[in-house]
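Engineer: I'd like to ask you about the structure that follows.
Protein chains: 2
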Amino acid sequence: MGEQSYGPPASASIANPAAEPAPGGPVRDHGGALDAAEARFGRPAEGWVDLSTGINPWPWQPGEISADAWNRLPDRAANGRLRHAAARYFGASPDALMAAPGSQALIQAVPRIVRRGHVAILGFTYAEHARCWRLAGHRVTVEESLEAAAGADCVIVTNPNNPDGRQVEPARLLELAGRLAARGGLLVVDEAFADVTPDLSVAAQAGTPGLCVLRSFGKFFGLAGLRLGFALGTGELVRRLEEHLGPWAVAGPALEIGTAAMADAGWIAATRVHLANAARDLDALIECYGLTVIGGTDLFRLAQTPQAVALYGHLGRQGILVRSFDAKPDWLRFGLSPDAAAWERLRAALASFNLAA
Amino acid sequence: MGEQSYGPPASASIANPAAEPAPGGPVRDHGGALDAAEARFGRPAEGWVDLSTGINPWPWQPGEISADAWNRLPDRAANGRLRHAAARYFGASPDALMAAPGSQALIQAVPRIVRRGHVAILGFTYAEHARCWRLAGHRVTVEESLEAAAGADCVIVTNPNNPDGRQVEPARLLELAGRLAARGGLLVVDEAFADVTPDLSVAAQAGTPGLCVLRSFGKFFGLAGLRLGFALGTGELVRRLEEHLGPWAVAGPALEIGTAAMADAGWIAATRVHLANAARDLDALIECYGLTVIGGTDLFRLAQTPQAVALYGHLGRQGILVRSFDAKPDWLRFGLSPDAAAWERLRAALASFNLAA
């Protein structure tokens, strides 16, 4: 199977030169990739242009946060308001979902509450799935097709996929969930980037036996520091995840901001169009300078060039951080430039790189 | 041993009348006690005076939070700044501590990373300890003395204790940690309320084999909604807890606010005196109306009266919520009144309750 996944962030090994590999796979980095990039490239005089994430650079703007949200333990009513706003946003029942402090917490939690067995991950994809299922004692394989994965006890599909944007049709996923449910299995669909492809989501089908959907709040809404994510599934799955995460798992400000943001239908619709246009614009820019766009979502684009390793270093020395992949040395993933200055720095850096070198 | 612990909150059974008991003990409530109180007493016209918690009603005031804290994944540098500020505040080494999204997350995590065995809890105390150790598969007993507990594989001591304020001398704890370490055991000291009794803390001794200290940020700093807590211990324990909680566990705003608040030595010193005076003032008030103060900390006071059950209901009908204990029917725990209006409402409600009835 080879290396079919990658970790957070790709540069973790730079930041942790002496760390031993974790049992489940690559070393984790408790922070962003910028720390590691600075250790390698130094701090750029003009500051970093961080294109290494898939986080919307134009965040939803929180209003005033209530004193209660900061000062009191998050209460049942605030949790309920968030659950209802999220349910409307996902088109699901409030009883079929629960909130967590980030989707990473759920990527860790689901393997811990599922009976140990064979877990097949549709790769190449985000490495945290394999790492967390292995750490929880499961036997993990990474497969190249849904057919090859379908025989396992649990199947993990990131849809749309990170980093290549591969899409699996909802009907195929629902059919697989049904087959898995019939033998006590589970399909986990990581929809971390599905906010920009709502037609691809199976979140509205949450409650279907055998289906677990994970959603990220911070990526599309541009509020990754808030730590908010959701799991959707049967009442039993939701109850067991709530039990595992325990009381007061989500901070008060996250409950309040999430409730308001997910109800902001105008911002959501406009942002989808805005991100789609920015993604097309990014494609045009990087293709003008000789890279081939081979996939992605409207929150990031995946480019291919035989000179990816050299280009990564060239961009890094110009203070521009993109995502590279140890197992895919000719790939680079680009996030969206937050403003005209960042766009021009990227353009100039691409222009000054001799692709023929 | 009987009922030697209580749960969050005491009124959970009101809010969850149909819920089945969780395997580890009492049903949990994913929120504050006010929801449950409202279901029982209705919503008071003047709003609730919530004296049911041990949270400082005069919170540290966060300044402007950086956009990065909201928008970006919390990075290694922000984590490092918090660790250093916390280390100075606790008098410990930065390498001997880790941050978590609330001390509840740590009360859940520690039992999950410790080899299963016999766990003895010094009771009567906060029920989450027993519940979480049982849920993780340990054999749990609740003991009335440190001597009776000392033979277990793990010993759990809340110091100062909640709700009665019982104090165990640091020297006795360190001696016990040494004995436990010699046979591969662990002493967990929950110092959730130790900010008001710093001389009682063993946090500065973190790194000592066999010792794990849990600290809450939100109670003393009045920011319970932020979700921030700390575990202190050996490098190995800290590493395993970080591994269990995974990357980006603490939200960006919590990292930033925690760093600033724990470095605010003036506020910390003044607040300790302010809380001590408020606690003495609360003692005087409730003793004037015939209750006996039998313990507590400067963040809450524990009172005894044979009429506690009736008084709890009387106060609830006046819109004043205190903490009651199913297993200790003659106890009531009072938090500090946030302002003069709340103090007067409590005074008037105590005055209108006929203690001789």
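Chains as they are written, first to last, in the numbering used here: chain L, 536 to 892; chain C, 536 to 892. Quick reminder that beta carbons are idealized off the backbone N, C-alpha and C, glycines included. Source: prediction; values computed, not measured.
1. Below 8 Å on the Cβ atoms is my guess for L722/C versus L735/C; work out the distance and round it to an integer in Å.
2. Please give me, in chain order, every unbroken run of the alpha helix (DSSP H) with length at least 4 that falls completely inside the stretch 569–654 of chain C.
3. Below 8 Å on C-beta distance, what does P597/L contact in chain C?
4. What separation, rounded to the nearest whole angstrom, lies between the Cα atoms of A572/L and L715/C?
5. Does the beta-carbon of D816/L have 16 or more other beta-carbons within 10 angstroms, so that it is buried, or is it exposed?
6. Which ranges does the alpha helix (DSSP H) cover as unbroken runs of at least 4 residues, wholly within the stretch 706–794 of chain L, from first to last along the chain?
7. Counting only Cβ-Cβ distances shorter than 8 Å, please list the residues of the stretch 755–775 of chain L near chain C, keeping chain order.
8. Rounded to whole angstroms, what is the Cα-Cα separation between Q643/C and R674/C?
9. Kindly indicate if chain L contains any beta-carbon less than 8 Å away from that of L871/C.
10. If you measure from the beta carbon of D630/C to each beta carbon in chain L, is any gap under 8 Å?
11. For C689/C, is the classification buried or exposed, using 16 other Cβ atoms within 10 angstroms of its Cβ as the cut-off for buried?
12. For Y661/C, does the three-state DSSP call read helix, strand or coil?
13. Starting from L708/L, find everything on chain C with Cβ-Cβ shorter than 9 Å and list it in chain order.
14. What are the residues that DSSP puts in a beta bridge with R868/L?
15. Roughly how many angstroms separate the alpha carbons of F625/C and F755/C, rounded to a whole number?
16. DSSP on G848/L, reduced to helix/strand/coil?
17. Between the alpha carbons of L681/C and V649/C, how many angstroms are there, rounded?
18. Would you mind working out which of A671/L, A717/L, P698/L sits nearest A685/L, comparing C-alpha positions?
19. Which residue's Cα is closest to the Cα of L871/C: H849/C, D861/C, R882/C, T743/C?
20. I need the DSSP call for G831/C, collapsed to helix, strand or coil.
21. Compare the Cα-Cα distances from E704/C to each of A738/C, E678/C, V677/C, T676/C and report the closest residue.
22. I need the straight-line Cα distance from E917/C to P744/C, nearest angstrom please.
23. Could you give the DSSP three-state label for V703/L: helix, strand or coil?
24. Quick check: is the beta carbon of W783/L nearer than 8 Å to any beta carbon in chain C?
25. Alpha carbon to alpha carbon, how far is P544/L from D861/L?
26. Where does E879/C land, buried or exposed, given buried means 16+ other C-beta within 10 angstroms?
27. Using a Cβ-Cβ distance under 8 Å, would Q643/L count as near chain C?
28. Check the Cβ of G672/L against every Cβ in chain C and list those closer than 8 Å, keeping chain order.
29. If you draw a straight line from the alpha carbon of G719/L to that of L657/L, how long is it in whole angstroms?
30. For G637/L, which residues in chain C fall below 7 Å Cβ to Cβ?
31. Give me the DSSP bridge partner(s) of C689/C.
32. Please state if the CB of G768/C and the CB of A662/C are separated by a distance shorter than 8 Å.
33. Given this structure, state the Cα-to-Cα distance separating G742/L from R578/L, to the nearest angstrom.
34. When burial is assigned at 16 or more other CB atoms within 10 Å of the CB, is G801/C buried or exposed?
35. Is the separation between the beta-carbon of D570/C and that of A612/L shorter than 8 Å?
36. Between the C-alpha atoms of R618/L and V692/L, what's the straight-line distance to the nearest angstrom?
Structural biologist: On the basis of the data shown:
1. Within the second sequence, numbered from 1, the residue matching residue 722/C stands at position 187. Within the second sequence, numbered from 1, the residue matching residue 735/C stands at position 200. With a Cβ gap of about 15 Å, L722/C and L735/C do not count as contacting.
2. 602–606, 611–625, 638–648
3. As a first step, residue 597/L is located in the first sequence; it is residue number 62 there, counting from the start. Those within 8 Å of P597/L in chain C are W605.
4. Numbered from 1 along the first sequence, position 37 holds the residue referred to as residue 572/L. Numbered from 1 along the second sequence, position 180 holds the residue referred to as residue 715/C. Their backbone Cα atoms lie some 43 Å apart in a straight line.
5. Numbered from 1 along the first sequence, position 281 holds the residue referred to as residue 816/L. Flag for D816/L reads exposed.
6. 753–756, 770–780
7. G757, L758, A759, G760, L761, R762
8. On the second sequence, residue 643/C is found 108 positions in, with the first residue counted as 1. On the second sequence, residue 674/C is found 139 positions in, with the first residue counted as 1. Each residue's Cα considered, the two are about 15 Å apart.
9. Position 336 of the second sequence, counting from 1, holds the residue named residue 871/C. So no, L871/C is outside the interface.
10. Position 95 of the second sequence, counting from 1, holds the residue named residue 630/C. With 8 Å as the cut-off, D630/C does not count as an interface residue toward chain L.
11. Here residue 689/C corresponds to residue number 154 of the second sequence, with the count starting at 1. Looking at its Cβ environment, which holds 16 or more other Cβ atoms inside 10 Å, C689/C is buried.
12. In the second sequence, residue 661/C corresponds to position 126, counting from 1. DSSP places Y661/C in strand when its eight states are reduced to three.
13. In the first sequence, the residue the question calls residue 708/L occupies position 173. Here the premise fails: no neighbours, minimum Cβ distance about 26 Å.
14. Position 333 of the first sequence, counted from the first residue, corresponds to residue 868/L. Looking at the DSSP assignment, R868/L forms a beta bridge with L837/L, R858/L.
15. Position 90 of the second sequence, counted from the first residue, corresponds to residue 625/C. Position 220 of the second sequence, counted from the first residue, corresponds to residue 755/C. Answer to the nearest angstrom: the Cα atoms are 13 Å apart.
16. For the purposes of this step, residue 848/L is taken as the residue at position 313 of the first sequence. Residue state, collapsed to three classes: helix.
17. Within the second sequence, the letter at position 146 stands for residue 681/C. Within the second sequence, the letter at position 114 stands for residue 649/C. The alpha-carbon atoms of L681/C and V649/C are separated by roughly 21 Å.
18. Within the first sequence, the letter at position 150 stands for residue 685/L. Of the listed residues, the one whose Cα sits closest to A685/L is A717/L.
19. The residue you call residue 871/C lines up with position 336 of the second sequence. The shortest Cα separation from L871/C among H849/C, D861/C, R882/C, T743/C belongs to R882/C.
20. Your numbering for residue 831/C matches position 296 in the second sequence. DSSP places G831/C in strand when its eight states are reduced to three.
21. Along the second sequence, read from residue 1 onward, the residue named residue 704/C stands at position 169. Checked all of A738/C, E678/C, V677/C, T676/C; the closest Cα to E704/C is A738/C.
22. Look at the range of chain C in this structure, 536 to 892, and you will see that residue 917/C is not part of it.
23. Position 168 of the first sequence, counting from 1, holds the residue named residue 703/L. Of the three classes helix, strand and coil, the one that applies to V703/L here is coil, per DSSP.
24. Here the question's residue 783/L lines up with position 248 in the first sequence. Yes - at least one Cβ of chain C is within 8 Å of the one on W783/L.
25. As a position in the first sequence, residue 544/L is number 9, starting the count at 1. As a position in the first sequence, residue 861/L is number 326, starting the count at 1. Summary for P544/L: the model assigns pLDDT 41, below 50, so the residue's position carries little reliability, and this model does not support an answer.
26. In the second sequence, the residue the question calls residue 879/C occupies position 344. Looking at its Cβ environment, which holds fewer than 16 other Cβ atoms inside 10 Å, E879/C is exposed.
27. Counting from 1 along the first sequence, the entry for residue 643/L is found at position 108. By this cut-off, Q643/L is an interface position.
28. Residue numbering aside, residue 672/L sits at position 137 when the first sequence is read from its first letter. Those do not exist, as G672/L stays about 13 Å from chain C at its closest Cβ, beyond 8 Å.
29. As a working mapping, residue 719/L is identified with position 184 in the first sequence. As a working mapping, residue 657/L is identified with position 122 in the first sequence. So the two alpha carbons sit approximately 19 Å from each other.
30. Numbered from 1 along the first sequence, position 102 holds the residue referred to as residue 637/L. Result: W783.
31. Counted from its first residue, the second sequence places residue 689/C at position 154. C689/C is bridged to V654/C, L721/C.
32. Here the question's residue 662/C lines up with position 127 in the second sequence. Here the question's residue 768/C lines up with position 233 in the second sequence. No, Cβ-Cβ distance for A662/C and G768/C is not below 8 Å.
33. Sequence index remark: in the first sequence, residue 742/L carries index 207 (1-based). Sequence index remark: in the first sequence, residue 578/L carries index 43 (1-based). Roughly 48 Å separates the two Cα atoms.
34. The sequence position of residue 801/C within the second sequence is 266, counting from 1. Answer is exposed; the Cβ neighbour count stays below 16.
35. Indexing the second sequence from 1 puts residue 570/C at position 35. Indexing the first sequence from 1 puts residue 612/L at position 77. Contact: yes.
36. Working through the first sequence from its first residue, we reach residue 618/L at position 83. Working through the first sequence from its first residue, we reach residue 692/L at position 157. Cα to Cα, the separation comes out at about 24 Å.
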